[in-house]
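K.L.:
What follows is a structure written as structure tokens; I'll ask about it next.
There are 4 protein chains.
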Amino acid sequence: MSGDADKRADAAEMKLAASPWKPFEARRRERDVKRGAVLRVAVSLFLEQGYDRTSLNEVAERLNITKPALYNYFRSKEEILVECYRLGQEKAMAGIERILAKPDTGLVRLRALIRHYCEVMTLDFGQCLVRVDDHVLSAPARDQVREGKRLIDRYFRDFLTSGIEDGSIKSCDVRLTVFAITGAINWVGHWYRADGEMTAREIGDTYAMQLTGSLAVEKT
Amino acid sequence: MSGDADKRADAAEMKLAASPWKPFEARRRERDVKRGAVLRVAVSLFLEQGYDRTSLNEVAERLNITKPALYNYFRSKEEILVECYRLGQEKAMAGIERILAKPDTGLVRLRALIRHYCEVMTLDFGQCLVRVDDHVLSAPARDQVREGKRLIDRYFRDFLTSGIEDGSIKSCDVRLTVFAITGAINWVGHWYRADGEMTAREIGDTYAMQLTGSLAVEKT
Amino acid sequence: MSGDADKRADAAEMKLAASPWKPFEARRRERDVKRGAVLRVAVSLFLEQGYDRTSLNEVAERLNITKPALYNYFRSKEEILVECYRLGQEKAMAGIERILAKPDTGLVRLRALIRHYCEVMTLDFGQCLVRVDDHVLSAPARDQVREGKRLIDRYFRDFLTSGIEDGSIKSCDVRLTVFAITGAINWVGHWYRADGEMTAREIGDTYAMQLTGSLAVEKT
Amino acid sequence: MSGDADKRADAAEMKLAASPWKPFEARRRERDVKRGAVLRVAVSLFLEQGYDRTSLNEVAERLNITKPALYNYFRSKEEILVECYRLGQEKAMAGIERILAKPDTGLVRLRALIRHYCEVMTLDFGQCLVRVDDHVLSAPARDQVREGKRLIDRYFRDFLTSGIEDGSIKSCDVRLTVFAITGAINWVGHWYRADGEMTAREIGDTYAMQLTGSLAVEKT
DNA sequence: GATGAATGAGGATTCATTCAT
DNA sequence: TATGAATGAATCCTCATTCAT
């Protein structure tokens, strides 16, 4: 029965026994796990109490480590927040890439984006994007974060514009319309409760239709 | 009948009219002016840099006074912020009262409220409502502020509901719809620039129609 | 019926009517009354909360005036305290002078002083002497106050010494004995309560005998 | 039998014995030493200048550290003072326990307590009990401190009472007598100078006899 | 990798005191 | 004489960050 599997286990054991240093890969993995844990705890506290009111001590305490230990994973408190923002934007971008992967009318894409973004807004990292004021960041970090936000915003605009061009969406003031849509769905990040009556999916589906209701060109 | 006594009374009245009251009134007026100036400077800095990043020193400096002088007008930094919130809410409520003053359908009222709220969102005190995270407040102050926010929200809900009842608005998920509308117009507070291409009025007019576009019952 | 009384009233009225300035004497008297009121309120607060924890604002508030008004009667907070000390010492000295006025043995005088000092310790100004730490004073003021305390202490010592000389008191370590006596009666200032079970007089009578019990030369 | 495994275990044990425990113990010890140093410096300054006039900066300066470093050892200035009080009370209680350890008449015990308490009054932490006004403490801290004072006072009362019961002390007004005794010896904390002519022991011996002179039942 | 200790910077708040009115 | 306003000084405390171990 035993065979390769056993051999591999043995090898692993020997390596472990032979050296107190875990294999390189494992160590990096472990490190990433811890980094992730810091971010999850941090973002949750930032949302709960605000960035400035959250001390690194509190973050560390919830992780059962000490404050300076955090500096093994992040260079500064600001870097932690920037990472939180980045993770939120990454989630958003992941969806956008999926949408871009297959050809569709602007309207369909816009609706898909709304649906996706609503789901992002139900995640801590997503809410971070709209609930933690980026004024707390230094100018360069703020610029970087805003650049990310602008990038996402541009897809809303692009999808709307291309929808008008391909005839799936009525002509309208693009800028104002995008603001209305993003405003409505950003707001989800403020009122959504995991234990509420609507799931992220339901909210997304509803808003996808409702927010584009008066934009869609009627199919005849 | 009259005589010396009267004369003395007259003299007193004149003196009273001329002097002891005016100074008092003037004093109070001057005080209120200064209080107002503090609030205007403060809210502007809060929006610019965030509440926690704004020190009372900065506020005082811009007013050409010293930090402790602020304590003549406010008991604490928190009280300053609470007043800013209150002023924003007051502006909103003033419009609501005007709307309530004359009878109208729910749809008309809702549109009027959107228009009005958009204008509020172009004012510093209005933007304060949506751009300064109320987590910086102590629990009791926060409760008070949130109560005010809820009050305003309720009118959106009321107008929408009564619109459905009076037939001017189509049946819909009230809660979600109100969130969409308020989200969209709260967002104005984030992107509006006084030197932008659209006036407050134009934004309000556009949103009043656009955000209710798919809700309005078509007149036949 | 009326007569002198009326005339006097008239005269008073005329003076008042004729000039807004009250007669000089009356003004000084009024001023002293107010000064006294300030001191009474102040000492009471000092005892209640400690000197440093008592702000002039509190003093003023209890008098229904404003803080700067106090500066009409005193040059500084310190002066207020110094006056309180002085009044306490004055009370003590008044008794001492009465004792010195009539010839008596050292023992009788010492007992009289104990009785008297116990009563002083039941007054606010008296308690001030032992309950308000004179460290709060500037060096010169402190020296002045301490000089006063030393003066009083010296009479305890003098009476004791002369009692030994005149044979009414047994020989003993004067310094230590005086410390024991003054310690015991100063302590009254800490525990005495006006609503307690013993009157100032009873405490004084008891201590006068008890504290000199082992000192008195038995009469045969 | 044994071999490499054993050797490794031994090595581990030695390391454990030699290093991880010692550092820990040493750390804690060092920490306690520093905490103690803070308290000694603090109490000395409190006595010298009064609590409110002593800034944490001064305390830190005398220790050659910076102000915030103090917060590694104490949570607040108040906690420092409370600890000072506690140490003083601890000294007093230690003596009381020694007295309680062996059976004796009330008179003997009372005299022993007086002797002991006099010595406590020559220590900074002891003087702190009577020279630092506890009004500077917050209500809860004050209650705690006063509870400690009451505890000690009770032993004076108990010893006196039991002395009356066992016939070693004459009947007397217990409350007033205890006040006289404690007043006299608390006062030691105010006038004692380390460089004075009497040692703590001499003062204690003298007071132990003198303050109970008129109370003791004559042995026949 | 993790810790305890220490630091420097900064901020809100209090308060005695002064001054123009 | 009394007041409102303003000030400057001082204090406690918090916190991100660093460093030796």
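Residue numbers (my numbering), protein chains in the order written: chain S, 4 to 223; chain A, 4 to 223; chain E, 4 to 223; chain R, 4 to 223.
Positions of the beta carbon are idealized from the N, C-alpha and C atoms, including for glycine.
With H, G and I counted as helix, E and B as strand and the rest as coil, what does DSSP make of S:I68?
P.N.:
On the first sequence, position 65 is the one that residue 68 of chain S refers to. S:I68 falls in the coil class under three-state DSSP.
K.L.:
With 16 as the cutoff for other CB atoms within 10 Å, does A:L154 come out buried or exposed?
P.N.:
If you number the second sequence from 1, residue 154 of chain A lands on position 151. When all chains shown are included, A:L154 counts as exposed.
K.L.:
Compute the Euclidean distance between the alpha carbons of A:S174 and S:L113, then round it to the nearest angstrom.
P.N.:
Locating residue 174 of chain A in the second sequence gives position 171, counting from the first residue. Locating residue 113 of chain S in the first sequence gives position 110, counting from the first residue. So the alpha carbons of these two residues sit roughly 25 Å apart.
K.L.:
Does S:F162 come within less than 8 Å of chain A when only Cβ atoms are used?
P.N.:
Translated into positions along the first sequence, residue 162 of chain S becomes position 159. S:F162 does not count as touching chain A.
K.L.:
Would you kindly work out how many angstroms separate the C-alpha atoms of E:N60 and E:L48, rounded to a whole number?
P.N.:
Residue numbering aside, residue 60 of chain E sits at position 57 when the third sequence is read from its first letter. Residue numbering aside, residue 48 of chain E sits at position 45 when the third sequence is read from its first letter. Between the C-alpha atoms of E:N60 and E:L48 there is a straight-line separation of about 11 Å.
K.L.:
What residues match up with R:A219 in a beta bridge as DSSP calls it?
P.N.:
Here residue 219 of chain R corresponds to residue number 216 of the fourth sequence, with the count starting at 1. DSSP output for R:A219 lists R:I172 as bridge partner(s).
K.L.:
List, in chain order, every chain E residue whose beta-carbon is nearer than 8 Å to that of R:R149.
P.N.:
As a first step, residue 149 of chain R must be located in the fourth sequence, where it is residue number 146. Near R:R149 there are no residues of chain E at all, since even the closest Cβ is about 12 Å away, more than 8 Å.
K.L.:
So, is the C-beta of E:Q130 closer than 8 Å to a C-beta in chain R?
P.N.:
In the third sequence, residue 130 of chain E corresponds to position 127, counting from 1. No, E:Q130 does not count as interfacial toward chain R.
K.L.:
Is it buried or exposed, S:F27, if we count other Cβ atoms within 10 angstroms and call 16 or more buried?
P.N.:
Numbered from 1 along the first sequence, position 24 holds the residue referred to as residue 27 of chain S. Burial call: exposed.
K.L.:
Using a Cβ-Cβ cut-off of 8 Å, state whether A:V139 counts as contacting chain S.
P.N.:
By 1-based counting over the second sequence, the position of residue 139 of chain A is 136. Taking Cβ atoms only, chain S reaches closer than 8 Å to A:V139, which makes this a yes.
K.L.:
Quick check: the region 144-158 of chain R against the region 154-163 of chain E, are there 3 or more CB pairs under 8 Å?
P.N.:
no
K.L.:
Below 8 Å CB to CB, which residues in the same chain sit around S:V220 once its five sequence neighbours on both sides are set aside?
P.N.:
As a first step, residue 220 of chain S is located in the first sequence; it is residue number 217 there, counting from the start. Closer than 8 Å at Cβ, skipping near neighbours: L110, G170, S171, I172, K173.
K.L.:
Compute the Euclidean distance between the alpha carbons of R:A45 and R:L84, then round it to the nearest angstrom.
P.N.:
The residue given as residue 45 of chain R occupies position 42 in the fourth sequence. The residue given as residue 84 of chain R occupies position 81 in the fourth sequence. Going by the C-alpha atoms only, they are around 8 Å apart.
K.L.:
Ordered along the chain, which non-local residues of its own chain (more than five positions away) have a Cβ less than 7 Å from that of R:A63?
P.N.:
Sequence index remark: in the fourth sequence, residue 63 of chain R carries index 60 (1-based). Here the set comprises T69, K70, A72, L73.
K.L.:
A:K105: buried (16+ other C-beta within 10 angstroms of its C-beta) or exposed?
P.N.:
Locating residue 105 of chain A in the second sequence gives position 102, where the first residue counts as 1. Its Cβ having fewer than 16 others within 10 Å, A:K105 is exposed.
K.L.:
Would you say E:T125 lies against chain R (beta-carbon separation less than 8 Å)?
P.N.:
In the third sequence, counting from the first residue as 1, residue 125 of chain E sits at position 122. Not one chain R Cβ lies under 8 Å of E:T125.
K.L.:
Would you say the beta carbon of R:D156 is closer than 7 Å to some non-hydrogen atom of the ligand MN?
P.N.:
Of ligands this structure carries none, so the ligand MN is not represented either.
K.L.:
Could you check what DSSP says for R:A211 in three-state terms: helix, strand or coil?
P.N.:
Along the fourth sequence, one-based indexing puts residue 211 of chain R at 208. Of the three classes helix, strand and coil, the one that applies to R:A211 here is helix, per DSSP.
K.L.:
Do you know how far the Cα of S:L90 is from the Cα of S:R78?
P.N.:
As a working mapping, residue 78 of chain S is identified with position 75 in the first sequence. As a working mapping, residue 90 of chain S is identified with position 87 in the first sequence. Computed Cα separation, rounded: 17 Å.
K.L.:
Work out the CA separation of A:G98 and A:D208 for me, nearest whole Å.
P.N.:
As a first step, residue 208 of chain A must be located in the second sequence, where it is residue number 205. As a first step, residue 98 of chain A must be located in the second sequence, where it is residue number 95. If you take the alpha carbons of A:D208 and A:G98, they lie about 15 Å apart.
K.L.:
Assuming S:L132 and S:Y88 are in contact, meaning their beta carbons sit under 8 Å apart, how far apart are those beta carbons, in whole angstroms?
P.N.:
Here residue 132 of chain S refers to the residue found at position 129 of the first sequence. Here residue 88 of chain S refers to the residue found at position 85 of the first sequence. Indeed they touch by this definition, with Cβ atoms about 6 Å apart.
K.L.:
Between the C-alpha atoms of S:G216 and A:E122, what's the straight-line distance to the nearest angstrom?
P.N.:
For the purposes of this step, residue 216 of chain S is identified with residue 213 of the first sequence, where counting begins at 1. For the purposes of this step, residue 122 of chain A is identified with residue 119 of the second sequence, where counting begins at 1. Using only the alpha carbons, I get a separation of about 25 Å.
K.L.:
Distance, Cα to Cα, E:Q52 vs E:A183?
P.N.:
Numbered from its first residue, the third sequence carries residue 52 of chain E at position 49. Numbered from its first residue, the third sequence carries residue 183 of chain E at position 180. Taking the straight line joining both Cα atoms gives about 28 Å.
K.L.:
Please report the straight-line C-alpha distance between E:L103 and E:V135, rounded to a whole angstrom.
P.N.:
Your numbering for residue 103 of chain E matches position 100 in the third sequence. Your numbering for residue 135 of chain E matches position 132 in the third sequence. Straight-line Cα distance between these residues: approximately 29 Å.
K.L.:
For a test of the three-state rule: what should DSSP assign to A:M96, helix, strand or coil?
P.N.:
Counting from 1 along the second sequence, the entry for residue 96 of chain A is found at position 93. Three-state result, A:M96: helix.
K.L.:
By how many angstroms is the C-alpha of E:V36 removed from the C-alpha of R:R101?
P.N.:
Taking the first residue of the fourth sequence as 1, we reach residue 101 of chain R at position 98. Taking the first residue of the third sequence as 1, we reach residue 36 of chain E at position 33. If I take the Cα positions, the gap works out to 57 Å.
K.L.:
Does E:S47 come within less than 8 Å of chain R when only Cβ atoms are used?
P.N.:
For the purposes of this step, residue 47 of chain E is taken as the residue at position 44 of the third sequence. By this cut-off, E:S47 is not an interface position.
K.L.:
Out of E:M212, E:N75, E:E82, E:L179, which one is the CA nearest neighbour of E:A142?
P.N.:
Here residue 142 of chain E refers to the residue found at position 139 of the third sequence. Comparing Cα positions, the closest option is E:E82.
K.L.:
Is there a Cβ of chain E sitting closer than 8 Å to that of R:N189, yes or no?
P.N.:
On the fourth sequence, position 186 is the one that residue 189 of chain R refers to. Chain E, which has a Cβ nearer than 8 Å to the Cβ of R:N189, makes this yes.
K.L.:
How long is the line joining the alpha carbons of S:I167 and S:D176, rounded to whole angstroms?
P.N.:
By 1-based counting over the first sequence, the position of residue 167 of chain S is 164. By 1-based counting over the first sequence, the position of residue 176 of chain S is 173. About 11 Å.
K.L.:
Quick one: list the residues of chain S neighbouring A:T209, beta-carbon separation under 8 Å, in chain order.
P.N.:
The residue you call residue 209 of chain A lines up with position 206 of the second sequence. Near A:T209 (Cβ distances below 8 Å), the residues of chain S are D176, L179.
K.L.:
Exposed or buried, R:T202, counting other C-beta atoms within 10 Å across all chains shown (16 or more means buried)?
P.N.:
Residue mapping note: residue 202 of chain R aligns to position 199 of the fourth sequence, counting from 1. Looking at its Cβ environment, which holds fewer than 16 other Cβ atoms inside 10 Å, R:T202 is exposed.
K.L.:
Using a beta-carbon distance below 8 Å, is S:S213 in contact with chain A?
P.N.:
One-based indexing of the first sequence puts residue 213 of chain S at position 210. It is worth fixing the name first, because residue 213 of chain S is Gln in this sequence and not Ser. Yes, S:Q213 counts as interfacial toward chain A.
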